[in-house]
Amino acid sequence: MLKKSNRLSHSLFTKNFAIGKRIHNTYSTVIYSPSEGFSCAVVVSKKIYKKAHKRNLVRRRFYEVIREKNKERKVMGIYIFLVKSTIKNLTKKEFKNQITLEVGRTLK
1 MLKKSNRLSH
11 SLFTKNFAIG
21 KRIHNTYSTV
31 IYSPSEGFSC
41 AVVVSKKIYK
51 KAHKRNLVRR
61 RFYEVIREKN
71 KERKVMGIYI
81 FLVKSTIKNL
91 TKKEFKNQIT
101 LEVGRTLK
């Protein structure tokens with residue numbers, strides 16, 4: 001999980017969701033806005049997983065990959081990850097590999 005200071009507030013989320021640049025990947029869509037600090041949010045829709053514990057599991061796994069990538073190199077900007085339904089087809093090992101690749105390409 002990310003530190004609270006690195007998570008987006010509701011007002012920042014709404015603002016950056018509207019004005020951010022969209023980057024489409026296989027398993028997620030990323031909305032990026034330049035900023036002096038680093039903030040991130042991961043959104044998993046009820047259309048993808050009906051049960052909250054499944055959505056939270058995917059969200060926590062995403063946050064873990066993001067946290068590792070941010071630790072490797074200091075990333076700047078505001079990122080919103082919108083998870084796509086294609087994520088359901090991945091096993092746990094494939095999930096880690098594919099999301100690590102996508103997040104690595106996305107985080108600048």
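At position 67 of the sequence shown the residue is numbered 67 (this note's numbering), and the sequence of numbers has no breaks.
Note that the Cβ used here is the ideal one computed from N, Cα and C, for glycine as well.
This one's a predicted model, so the numbers in the text were calculated from it and none came from an experiment.
Here Gly77 is not near Ser28, since their CB atoms are 9 Å or more apart. Tyr49 places its beta carbon less than 9 Å from that of Arg55. Remark: C-beta atoms of Leu82 and Ile31 approach each other more closely than 9 Å. Beta bridge pairing from DSSP links Leu82 with Thr29, Val43. In the structure shown, Arg73 adopts coil according to DSSP, grouped into three states. Closest by C-alpha distance to Thr86, out of Asn25, Thr100, Val42, Arg73, is Asn25. The beta carbon of Leu8 lies closer than 8 Å to those of Asn16, Ser39, Cys40, Ala41, Ile78, Ile80 in the same chain, with the five residues before and after it left out. Distances from the CA of Thr14 to each of Lys3, Lys74, Ser5, Ser33 were compared; the closest alpha carbon is that of Ser33.
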